[in-house]
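Engineer: Quick one: this structure, given as structure tokens, is what I'll be asking you about.
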Amino acid sequence: MDEVETLVMRRLWEGDPPQQISVKDAIGEMAASGGAQIVAASRAIADGNGGPFPPQEGPRRALINSFGAGGNFLSAVLESPP
1037 MDEVETLVMR RLWEGDPPQQ ISVKDAIGEM AASGGAQIVA ASRAIADGNG
1087 GPFPPQEGPR RALINSFGAG GNFLSAVLES PP
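Using our numbering, the letters of the sequence shown map in sequence onto residues 1037 to 1118.
Put into structure tokens, the structure is as follows:
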């Protein structure tokens, strides 16, 4: 995540945002990166690997937001099975 995205998340959650990871630094933010973000989030949910964060109780969820240069937008929420 870039500086502005991090600032917005902190403001929305009053300084205590949910755990976040980003693949933008590795693959950029073109429209095709949405697919890579879905794969990365799916693997993290399936493997129970939330990145550098401690494990949590309950279902694991991921929010993916992807913007394309032409104005395309993708938002998806993934959740582990019960």
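For each residue, glycine too, the CB sits at the ideal point set by N, CA and C.
Remember, predicted model here, so these are calculated numbers, not experimental data.
Pick out whichever of Gly1071, Asp1061, Asp1052, Pro1053 has its Cα sitting closest to the Cα of Asp1038.
Structural biologist: Taking the first residue of the sequence shown as 1, we reach residue 1038 at position 2. It is Asp1061 whose Cα lies nearest to the Cα of Asp1038.
Engineer: Hey, would you say Ser1111 sits closer than 8 Å to Ile1081, going by beta carbons?
Structural biologist: Taking the first residue of the sequence shown as position 1, residue 1111 is located at position 75. Taking the first residue of the sequence shown as position 1, residue 1081 is located at position 45. It is not a contact, given that the beta carbons lie outside the stated cut-off.
Engineer: If we ignore side chains and look at the alpha-carbon of each, how far apart do Gly1051 and Ile1074 end up?
Structural biologist: Within the sequence shown, residue 1051 is the residue found at index 15, counting from 1. Within the sequence shown, residue 1074 is the residue found at index 38, counting from 1. Roughly 26 Å between the two C-alpha positions.
Engineer: Write down every uninterrupted run of the beta strand (DSSP E) in the region 1055 to 1114 whose length is 3 residues or greater and which is fully enclosed by it, in chain order.
Structural biologist: DSSP runs (the beta strand (DSSP E)) wholly in the region 1055 to 1114: 1097 to 1103.
Engineer: On a CA-only basis, which of Asn1108, Gly1107, Ser1102, Leu1114 is nearest Glu1041? Give me that one, please.
Structural biologist: One-based indexing of the sequence shown puts residue 1041 at position 5. Comparing Cα-Cα distances from Glu1041 to each of Asn1108, Gly1107, Ser1102, Leu1114, the minimum goes to Ser1102.
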